[in-house]
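Start counting the sequence shown at 1; every next residue gets the next number (the UniProt record's numbering).
No residue lacks a Cβ here, since even glycine has one placed at the ideal position from N, Cα and C.
Following: one structure in structure tokens, then a few remarks.
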Amino acid sequence: MLDYVERATWNDRFSDIYALCVAYPEPLGERLYTETKVFLENHVRQLYKKVLESEEKVLVMYHRYWEEYSKGADYMDCLYRYLNTQFIKKNKLTEADIQYGYGGVDLNEPLMEIGELALDMWRKLMIEPLQDVVIRKLLNEIKNDRCGENPNQKVIHGVINSFVHVEQYKKKFPLKFYQEIFEGPFLIKTGEYYKQEASNLLQESNCSQYMEKYLRCVSVPALCASTCAVCQYLSCVSTCAVCQYLCCVPVPVLCVST
Numbered sequence: 001m002l003d004y005v006e007r008a009t010w011n012d013r014f015s016d017i018y019a020l021c022v023a024y025p026e027p028l029g030e031r032l033y034t035e036t037k038v039f040l041e042n043h044v045r046q047l048y049k050k051v052l053e054s055e056e057k058v059l060v061m062y063h064r065y066w067e068e069y070s071k072g073a074d075y076m077d078c079l080y081r082y083l084n085t086q087f088i089k090k091n092k093l094t095e096a097d098i099q100y101g102y103g104g105v106d107l108n109e110p111l112m113e114i115g116e117l118a119l120d121m122w123r124k125l126m127i128e129p130l131q132d133v134v135i136r137k138l139l140n141e142i143k144n145d146r147c148g149e150n151p152n153q154k155v156i157h158g159v160i161n162s163f164v165h166v167e168q169y170k171k172k173f174p175l176k177f178y179q180e181i182f183e184g185p186f187l188i189k190t191g192e193y194y195k196q197e198a199s200n201l202l203q204e205s206n207c208s209q210y211m212e213k214y215l216r217c218v219s220v221p222a223l224c225a226s227t228c229a230v231c232q233y234l235s236c237v238s239t240c241a242v243c244q245y246l247c248c249v250p251v252p253v254l255c256v257s258t
């Protein structure tokens, strides 16, 4: 849990960072960056162990720590504002540098602003190692939601949001990571579910009943309980999946037969 920080304490730490960056005769901005990176790595690894040990409560614990960590990352980014503007941005590679190469710099470890660095650590040391477990449990919760059960919507949306948020700072393809680890499996499971639903409807309904249920499925896609951007996006792709699979069912044949 994040603790309250007195304004005087905050100002003192801000001054400490400034003093390190302007130290004479040798500024210590680079060392401060390195030590901060090590701190973030160690912290995320500790959280990863706690999430992994939570077993059946993986999603709940992941969400809890993500909420705290992401807020803390925002505060750190503000606290390190001088380092961000006077050291990191001046030495940060441009997209052209990364694309065409830049002599003497390790392109695998480019400088990142502290807020970005914190998110990158979470992606590398939390999401990627837990990917299989988290995605499997997440898809299972979504399935339960479709079947009329009441999973924790706040946790589901929070976990999905984290996949977007960790690379939201990128100017190009900010949704790429989210699409790679979640959207693909989500669409596959969505397709399988609605294909089975369509098959069941054919066997159980006449033409008017079928179309009524079809329109209901399209108008109320899974995960529409939230108005957040991610869920709007999920609703869109979910609706597409519904249309794709339900429209493949030979409705005219059903109507003729009834």
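Rounded separation between residue i and residue j - CA only
{"i": "Ala118", "j": "Asn140", "result": "29 Å"}
{"i": "Glu197", "j": "Lys137", "result": "22 Å"}
{"i": "Ser205", "j": "Glu149", "result": "24 Å"}
{"i": "Tyr82", "j": "Cys147", "result": "51 Å"}
{"i": "Tyr24", "j": "Gln168", "result": "36 Å"}
{"i": "Ala229", "j": "His165", "result": "In this prediction, Ala229 has a pLDDT of 45, which is less than 50 and means its spatial position is unreliable; nothing more can be read from the coordinates."}
{"i": "Leu254", "j": "Leu202", "result": "Reliability of the predicted coordinates at Leu254 is poor, the pLDDT of 42 falling under 50, and no value is obtained from them."}
{"i": "Val133", "j": "Phe14", "result": "39 Å"}
{"i": "Arg45", "j": "Glu128", "result": "12 Å"}
{"i": "Ser54", "j": "Phe186", "result": "24 Å"}
{"i": "Ile17", "j": "Lys37", "result": "15 Å"}
{"i": "Lys57", "j": "Arg123", "result": "20 Å"}
{"i": "Tyr210", "j": "Asn200", "result": "10 Å"}
{"i": "Glu192", "j": "Thr9", "result": "55 Å"}
{"i": "Lys213", "j": "Gln179", "result": "29 Å"}
{"i": "Glu35", "j": "Asn152", "result": "38 Å"}
{"i": "Lys89", "j": "Pro110", "result": "11 Å"}
{"i": "Asn84", "j": "Leu40", "result": "16 Å"}
{"i": "Ser68", "j": "Arg7", "result": "Note that residue 68 corresponds to Glu in the displayed sequence, not to Ser. Going from the Cα of Glu68 to the Cα of Arg7 covers about 20 Å."}
{"i": "Glu26", "j": "Gly158", "result": "43 Å"}
{"i": "Met61", "j": "Leu215", "result": "37 Å"}
Proximity below 9 Å, CB of residue i to CB of residue j
{"i": "Met126", "j": "Leu47", "result": "yes"}
{"i": "Asp145", "j": "Ile160", "result": "no"}
{"i": "Gly115", "j": "Asp77", "result": "yes"}
{"i": "Leu2", "j": "Gly72", "result": "yes"}
Option in the options with minimal Cα separation from residue i
{"i": "residue 268", "options": "Met121, Val44, Lys154, Phe87", "result": "Lying outside 1 to 258, the shown extent of the chain, residue 268 is not represented and no answer is given."}
{"i": "Asn42", "options": "Lys176, Arg31, Met121", "result": "Met121"}
{"i": "Lys50", "options": "Ser162, Phe39, His63", "result": "His63"}
{"i": "Ile181", "options": "Gln131, Lys195, Pro174", "result": "Gln131"}
{"i": "Ile142", "options": "Pro110, Lys189, Asp3", "result": "Lys189"}
{"i": "Val5", "options": "Leu215, Tyr75, Glu183", "result": "Tyr75"}
{"i": "Cys21", "options": "Asp12, Asn11, Leu32", "result": "Leu32"}
{"i": "Leu59", "options": "Glu183, Lys154, Tyr194, Phe173", "result": "Lys154"}
{"i": "Asp12", "options": "Leu52, Ser70, Met61, Tyr80", "result": "Tyr80"}
Neighbour flag for residue i against chain D, beta carbons, 9 Å
{"i": "Arg136", "result": "Of the protein chains in this structure there is only one, and it is not chain D."}
Beta-carbon separation (whole angstroms), residue i vs residue j, contact threshold 8 Å
{"i": "Ser162", "j": "Trp66", "result": "5 Å"}
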